[in-house]
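See below for the structure under consideration.
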Amino acid sequence: MDSTRVDRWLWAVRLTKTRPDAAAACRGGHVRVNDRPAKPATTVCPGDVVRAQIGDRTRTVEVLRVIQKRVGAPDALTCYLDRTPPPASVTPVAARERGAGRPTKRDRRVLDKWRAQQR
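Its first residue numbered 2, the sequence shown is counted upward by one per residue in our numbering.
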């Protein structure tokens, strides 16, 4: 077997819990294969790079082996090479004192900028 559907592969290597979750991620635009948006029926082959936003994490994996059936976790790890960058260390930007009142417009901009960097 040299190729399979991306939704089936994501489910088989345990990146998503269910196949409908994988298909919904594809339809929602959260999955890209070789930097192109992927539909659930997009085929993946060994050597392809799959980037999927699952939950609040974006996983980047390279396909090493194509499988169609769900396998155990140790076997699933042999099917892809995880190229996901390590998460950035979380440092609080600003700590507000209790009872300091509502944030100012400047404080709000700083918070919004920090939240955007955390994604």
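Every residue, glycine too, gets a C-beta built ideally from N, C-alpha and C.
Given the structure is predicted, the values throughout are model-derived calculations rather than measurements.
Check, Outcome
"Under 7 Å between C-beta atoms of R60 and T85", "yes"
"Terminal residues of the beta strand (DSSP E) in which L82 lies", "Y81 to D83"
"N-terminal and C-terminal residue of the beta strand (DSSP E) that Q54 is part of", "V50 to I55"
"Whole-angstrom distance between D108 and D8, CA atom to CA atom", "42 Å"
"Local Cβ density within 10 Å of R6, reported as buried at 16 or more and exposed below that", "buried"
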